[in-house]
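Residue numbers are given in full-length UniProt numbering: position 610 of the sequence shown equals residue 610, and the series is strictly consecutive. The beta carbon of each residue, even a glycine, is placed where N, CA and C say it ideally should be. Here the structure is a predicted model, which means the values were calculated and not measured.
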Amino acid sequence: MKNLYIDDLPDYFKQYKKSIKNPKKFWDKIADEGFVWYQRWTKVVDFDMEKAQIKWFKNAKLNITKNCIDRHLAQRGDKTAIIFEPNDPLEKAQYISYRELHERVCKMANVLKDLGVEKGDRVCIYLPMIPELAVTMLACARMGAVHSVIFAGFSDSAVSSRVNDCGAKVIVCSDGSYRGTKSIDLKEIIDKAVENCPTVEKVVVVRRTGTEVTMKEGRDLWLDTLLEKASSDFVSKIMDAEDPLFILYTSGSTGKPKGMLHTTAGYMVYTAYTFKNVFNYRENDIYWCTADIGWITGHSYILYGPLANGATTVIFEGVPTYPEPDRFWQVIDKHKVTQFYTAPTAIRSLAKESTQWVEKYDLSSLRVIGSVGEPINDEAWHWYNDHVGKKKCPIVDTWWQTETGGIMISPIPFVTPTKPTYATLPLPGIQPVLMDEKRNEITGNQVDGNLCIRFPWPGIARTIWGDHQRYVETYFTAFPGKYFTGDGALRDETGYYRITGRVDDVIIVSGHNLGTAPIEDAINQHPAVAESAIVGYPHEIKGSALYGYVTLKESGQVRDRENLRKEINLLISDMIGPIAKLDKIQFVSGLPKTRSGKIMRRILRKIAEGDFSSFGDTSTLLNPEIVEEIKNDRIG
Ligand code: WTA
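What follows is the structure, given as structure tokens:
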């Protein structure tokens, strides 16, 4: 993919214009130049946005692993495809070349085939961040099976509901996983889950922690034994452009998780193209994304996007704070990482620590640093910029979703001037529009509204597995003819976008729309504050009023709480206006977070409302114990 770079700002605008004027021609060229196909497409795109029927590269034939592995063998056979950095820094890192990856993927595909897995069958993967996770996903893709990775932190009931929803035949798991000082018995969780999963025929177990497990005769098999006799030849299956590649579950605002289905060609083209440009990828780079592969970020930007570009990608098993809160910086220094991609929640938690941790290391290899998953607040942006990027590395604040498959709005490093807390401009091919409540498009700049996308792009999910109607209703009904993201955004005077948060988090106070993100941003500027979350609660006069949950840095713990409340409100008044002041501020020792680091506002909202009757599904919480504390200290 040599010719697909965006060189400078005028080039960006030129390419952007072209991509909007003639999207078919634009994507046709990208697909043509960058990939290997068994057969070309007969039509670039075919779509009906009302029915949510979308097809890209119609009738093309390909295999994504030929693009991610085989085609690199001639020139990059000995190049490292994957660096595996284990949880324990004393355990040796592994360097897996493209050739070795090819062999391992072929063997794994033969193992699955021998177990009876066929094209179109679903395989659930419940593995920690170890090389076998990547190998198993690629093996599925090579043989045409549909992988569904379930984050290896989900409970057995969360696992079984996902396995049952997609009707998986095989589960690949490990005996256990390491996370910091902890080791978790994953096989035990699978044993419980599978009791309620009638479709599962085989459970393949990867040896990682060596913990004792029970193996059920006829169902459970050790992977290492199966691999011993597996052949290292496996001819990749010829897949149609629209054949399913994977299902990945994402939580809806309510109800059961949605199995987002991504298909083959469009997803490949989109992740490869965006990876190249958003990370300014060059041949000898060492790229590291700290996400878990159990989330979309890991699928698109640890695995498929980087490998489609022949990159070296780091898979990190551990956590940022083990053994010390300097692990990220130590690993960047150790492997001379050039691109580092992480989440605001990680940045904020590390920014709480002394800067000595980050100053200990040589981070001069870094060229681009990225952020994803939630709005990055001003304070975290600057800390990241000052202490990690050393003001030399552009920060790519990348906005996208499980549903979008790849990055949608982001600066292009060395091309788009960055602006703190702004995801800036849409990538070529992406047409964001802001819509008001009456379904009218809001034109011009210095406006805000519901973020929608006008035209399909190759990476968009094609359906919710088994429930196309829900797909149509969730994303294509609120604003007919457009994809509705569920996010709010503002467009500044220069046309830059800033994501203001989920629109379901907007709180209307005395008739004024207030985004939670900017208020939290303001609060977080207070030197004593670590993190905050705002929710609305019913108020007699204003309709809704604001309730803030605030965690303090070490330095704030001893201070006069009443005074601190006043200072926080003064700050909000200063930065947004008195209307955004909080009626109640509760200091808490932590916020309830999902395992992917998102604050679970639903619970906070209920507590603020004084409704303790049902908190809904809390199985995805990382720290369920915090709920009790927050409830007990609620300000009535
Ligand atoms: C939020 C993660 C602000 C947003 C790739 C979106 C962001 C949801 C950003 C999707 C960003 C993601 N700035 N908000 N840079 N990136 N979000 O499906 O609310 O886990 O709708 O995909 O995260 O989360 P998901």
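Integer Cβ distance of residue i from residue j, believed to fall under 8 Å
| i | j | result |
| --- | --- | --- |
| G34 | Y273 | 7 Å |
| S371 | T398 | 7 Å |
| N280 | V368 | 5 Å |
| V204 | I190 | The pair is not a contact, with the Cβ atoms about 10 Å apart (cut-off 8 Å). |
| L245 | V146 | 7 Å |
| A139 | M108 | 4 Å |
| P394 | T418 | 6 Å |
| S231 | N110 | 5 Å |
| I453 | P420 | Between P420 and I453 the Cβ distance is about 24 Å, and since that is not below 8 Å, they are no contact. |
| A265 | W56 | 6 Å |
DSSP bridge partner residues for residue i (one or two, in chain order)
| i | result |
| --- | --- |
| H147 | V123, F246 |
| F340 | W288, I369 |
| H262 | F246 |
| S160 | In DSSP, S160 forms no bridge with anything. |
| L604 | L604 pairs with nothing; no bridge assigned. |
| D448 | L490 |
| R502 | D487 |
| T312 | I286 |
| E441 | M435 |
| I430 | DSSP lists no partner for I430. |
| H299 | According to DSSP, which records beta bridges pairwise, H299 is partnered with nothing at all. |
| T80 | S97 |
| S544 | P538 |
| Y322 | The partner list for Y322 (beta bridge, DSSP) is empty, contrary to what the question assumes. |
| C173 | Y126, V205 |
| T424 | Y497 |
| M239 | L62 |
| E85 | F316 |
| T463 | L261 |
Outcome for residue i when other beta-carbon atoms lying within 10 angstroms are tallied against a minimum of 16
| i | result |
| --- | --- |
| A74 | exposed |
| V447 | exposed |
| T342 | buried |
| Y471 | buried |
| I635 | exposed |
| E195 | exposed |
| Y249 | buried |
| S253 | Low local confidence applies: a pLDDT of 44 at S253 is under 50, so the model's placement there is unreliable, with the coordinate-based value given in what follows. That one is exposed. |
| D224 | exposed |
| Q339 | buried |
| Y12 | buried |
| G459 | buried |
| P257 | buried |
| Q356 | exposed |
| G80 | According to the sequence displayed, residue 80 carries Thr and not Gly. Buried, by the Cβ-count rule. |
| T181 | exposed |
| R559 | exposed |
| P428 | buried |
| D521 | buried |
| G255 | Confidence at G255 is low in this model, with a pLDDT of 43, below 50, so the placement of that residue should be treated as unreliable; the coordinate-derived value is given next. G255 is exposed by the Cβ-count criterion. |
| D165 | buried |
| K482 | buried |
| Q15 | buried |
| D633 | exposed |
| T416 | buried |
| G616 | exposed |
| S532 | buried |
| T463 | buried |
| Y38 | exposed |
Near ligand 1, which residues have their beta-carbon less than 7 Å from any of its heavy atoms, given in chain order? T250, W295, I296, T297, S371, V372, G373, E374, P375, I376, D397, T398, W399, W400, Q401, T402, E403, A423, T485, G486, D487, I499, G501, R502, S596
For the region 482 to 493 against the region 527 to 538, do three or more pairs of beta-carbon atoms, one drawn from each stretch, fall closer than 8 Å, so that the two count as touching? no
Could you tell me whether the region 215 to 224 touches the region 84 to 98, using the rule of 3 or more Cβ pairs below 8 Å? no
Assess contact between the region 545 to 564 and the region 580 to 595, defined as three or more Cβ pairs (one per stretch) separated by less than 8 Å. Is contact present? yes
Between the region 171 to 178 and the region 122 to 134, do three or more beta carbon pairs fall short of 8 Å? yes
Check whether the region 282 to 291 and the region 310 to 324 touch, using three or more Cβ-Cβ pairs below 8 Å as the test. yes
I'd like to know if the region 118 to 126 and the region 36 to 50 are in contact, where contact means that at least 3 CB-CB pairs between them fall below 8 Å. no
Taking 8 Å as the threshold, find out whether the region 323 to 337 comes into contact with the region 294 to 310 through three or more Cβ pairs. no
For the 8 Å Cβ check, are there 3 or more pairs between the region 303 to 310 and the region 54 to 71? yes
Any contact between the region 400 to 417 and the region 382 to 391? By contact I mean 3 or more CB pairs, one from each, below 8 Å. no
Would you call the region 568 to 576 and the region 604 to 619 in contact, with 3 or more CB pairs under 8 Å? no
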